[in-house]
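Asker:
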Amino acid sequence: MGEEKKKDSTVKSAPAKEAAKKSEAKAPSAGRMGRAQGFARGVASELKKVHWPTRQEVITYSGVVVAAVAIVGFMIFLVDEAIGRVLRMLIG
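Residue numbers for the sequence shown follow the working numbering, so the first one is 316 and each next one is one higher.
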């Protein structure tokens with residue numbers, strides 16, 4: 316059984332090597348413009364993979380963020396006010 320696994324793994328690694336050779340052959344030229352074009356192509360490729368939220372999702376997520384900020388801000392206000400009153404009692 317161990318020999319069969321070895322044979323399978325060697326067979327699967329051969330296409331990976333060929334794919335690596337193909338990607339090296341498509342590399343952009345070494346000049347600045349070639350690198351810039353390669354970068355732009357990479358950015359465009361990645362942007363196609365992005366899951367862009369719908370308008371409704373953006374509104375919902377923004378509402379959640381605003382609510383969370385308001386709650387945390389209010390909590391900080393309460394703690395600040397309590398500490399201030401304690402210090403005024405001790406000092407004054």
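Think of the CB as a built atom: it goes at the ideal place given N, C-alpha and C, for glycine as much as any other residue.
1) Can you give me the start and stop residues for the alpha helix (DSSP H) that ALA345 sits inside?
2) Need the endpoints of the alpha helix (DSSP H) that THR375 sits in, please.
3) At the level of alpha carbons, what is the spacing between LEU402 and PRO368?
4) If we ignore side chains and look at the alpha-carbon of each, how far apart do GLY378 and ILE386 end up?
5) Rounded to a whole number of angstroms, what is the C-alpha to C-alpha distance between VAL365 and ILE391?
6) In whole angstroms, what separates the C-alpha of THR375 from that of PHE389?
Answerer: The relevant details are as follows:
1) It is not in any alpha helix (DSSP H) - ALA345 carries neither H nor E in the DSSP assignment.
2) 370-406
3) The straight-line gap separating the alpha-carbon atoms of LEU402 and PRO368 is approximately 48 Å.
4) 12 Å
5) 36 Å
6) 21 Å
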